[in-house]
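Right, one structure below, let's go through it.
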Amino acid sequence: MHLCADIGGTHARLALAEVAHDPSGMPRVKILAVERYLASETGSLAVALERFASQFPALWRMGVRSACFGVAGPVVGGRVHMTNLDWVVDEREVSRQLGGVPVRLVNDFEAAARGIDAMGDDDLLCLQEGSVQQPAHQLVIGAGTGLGVAWRLQVEGRHRVFPGEGGHMRFAPASEVQDRCMARLRRELGGTVVVENVVSGPGLVRLHAAIAQDLGVPAEALAGLTAREIMQRATSGQDEVAAQALDEFLLAYGAAAGSVALISLARGGVFLAGGLAARWPQCMQRGAFMRGFRLPGPYQAMLASWPVHIVLNPDLGLLGAALAAREQGSDGG
Numbered sequence: 164m165h166l167c168a169d170i171g172g173t174h175a176r177l178a179l180a181e182v183a184h185d186p187s188g189m190p191r192v193k194i195l196a197v198e199r200y201l202a203s204e205t206g207s208l209a210v211a212l213e214r215f216a217s218q219f220p221a222l223w224r225m226g227v228r229s230a231c232f233g234v235a236g237p238v239v240g241g242r243v244h245m246t247n248l249d250w251v252v253d254e255r256e257v258s259r260q261l262g263g264v265p266v267r268l269v270n271d272f273e274a275a276a277r278g279i280d281a282m283g284d285d286d287l288l289c290l291q292e293g294s295v296q297q298p299a300h301q302l303v304i305g306a307g308t309g310l311g312v313a314w315r316l317q318v319e320g321r322h323r324v325f326p327g328e329g330g331h332m333r334f335a336p337a338s339e340v341q342d343r344c345m346a347r348l349r350r351e352l353g354g355t356v357v358v359e360n361v362v363s364g365p366g367l368v369r370l371h372a373a374i375a376q377d378l379g380v381p382a383e384a385l386a387g388l389t390a391r392e393i394m395q396r397a398t399s400g401q402d403e404v405a406a407q408a409l410d411e412f413l414l415a416y417g418a419a420a421g422s423v424a425l426i427s428l429a430r431g432g433v434f435l436a437g438g439l440a441a442r443w444p445q446c447m448q449r450g451a452f453m454r455g456f457r458l459p460g461p462y463q464a465m466l467a468s469w470p471v472h473i474v475l476n477p478d479l480g481l482l483g484a485a486l487a488a489r490e491q492g493s494d495g496g
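The sequence shown maps to residues 164 to 496 in my numbering.
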């Protein structure tokens, strides 16, 4: 049995899982127990682990063979200071807390990219059918509290995962509205605007505020609005400001995904993971995302030929962390 986690800027999800292979040799992950914690309330991974162990004592007593945690930030020397959460996580400290169990930290989107191998056909929703071409490099990208990126590069017939920090590339506006939003963000942030300042949950809130300001909507009418509430208003058909903000967000998201896909020539497909795509697939189908992905340019036809799918399975990061934990342990199973 393996301990796995998906730790983002807002929530920490912990799970116990078993890994096996089906008759075709494909990995299959069975999640035995899972719990989600609000990171701001638990305060640290150590506290979250204590709570998790106390919630599932019978399973916990069976023993954890190995552990892997996907964490939102670059892992250096087995340690990460998370990007959008004031947590520092260290493999050695976690291993000591778990009684010496082998522990591995990976970027959260490295875990998500690994999880692609354990998905079923029902886990995907097609936005663009396209056709897989060789070499079948793939991109996994997803907006949530920030913007995560990882590549699955085909090497000697198999996919190898390489995480990145694509959310911190410089932001390139894709419309006049985004130009104005970028100017506003430069003033607010005091300098450089990066992609995840716009393409993320907080970014949607910023876009909404910028559009509302252009239209003369009083600031007090927007106070406290969350990304979830803006998406709900946009899809209700009764809030034009929210609808415009959502379409600008999706246009920016698509443009960012298309730009990053071109870096590795993701001929094997683009997978949209992360909280926003999985929870709001109907929003992703509005059309603005694919318009952004296929923005006019010399490679528009190429981008239009690659498969693009939404990953519906909310456990993608846990699946990938479980596979990595199995590799980390001395025995599998």
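Where a beta carbon is used, it is the ideal one built from N, C-alpha and C, also for glycine.
As the structure is a computational prediction, the values presented were derived from the model and not from experiment.
Cut-off 7 Å between Cβ atoms - residues of its own chain near residue i, not counting five sequence neighbours on either side
i    : result
P137 : Past the edges of the chain, shown from 164 to 496, lies residue 137, and the structure says nothing about it.
D253 : G241, R242
V423 : L302, I304, V312, G329
M394 : L409, W443, C446
D478 : I194
A299 : Q317, R430, G431
Nearest residue (CA-CA) to residue i, options the options
i    : options                : result
G309 : G437, Q317, A408, G460 : G437
A418 : A406, Q407, F452, R430 : F452
L201 : E392, A175, M245, P298 : A175
L222 : R454, A235, E204, V197 : V197
L481 : L268, Q218, V238, V471 : L268
E339 : V318, D284, N270, E411 : E411
D286 : A406, T355, R442, G233 : R442
G278 : S217, A406, I194       : I194
L466 : V433, I374, R349, T205 : V433
A157 : A405, V358, E403       : Nothing about residue 157 can be read from this structure; the chain reaches only from 164 to 496.
Q503 : Q448, R489, Y462, N476 : Because residue 503 is not part of the residues shown, which for the chain are 164 to 496, the question remains open.
Neighbourhood of residue i by C-beta, 6 Å cutoff - its chain only, sequence neighbours within 5 removed
i    : result
G327 : V312
D494 : Note that D494 has pLDDT 45, beneath the 50 cutoff, so the model's placement of it is unreliable and the number below is only indicative. So no residue of the chain qualifies.
R315 : A276, Q301, H322, V324
F501 : No answer is possible for residue 501: the residues shown for the chain start at 164 and end at 496.
Residue i (DSSP reduced to helix, strand or coil)
i    : result
Q445 : helix
Q296 : coil
R350 : helix
S258 : helix
W314 : strand
N476 : coil
V404 : helix
G495 : Reliability fails at G495, whose pLDDT of 42 lies under 50, so the model's placement of it is uncertain and no value is given.
Alpha-carbon to alpha-carbon, residue j and residue i
i    : j    : result
A306 : G171 : 11 Å
M164 : A180 : 6 Å
C446 : L388 : 18 Å
Residue environment, residue i, which counts as buried when at least 16 other CB atoms sit within 10 Å
i    : result
L414 : buried
C289 : exposed
A498 : Absent from the structure is residue 498, since the part of the chain shown begins at 164 and ends at 496.
Q341 : buried
P470 : buried
E273 : buried
T355 : exposed
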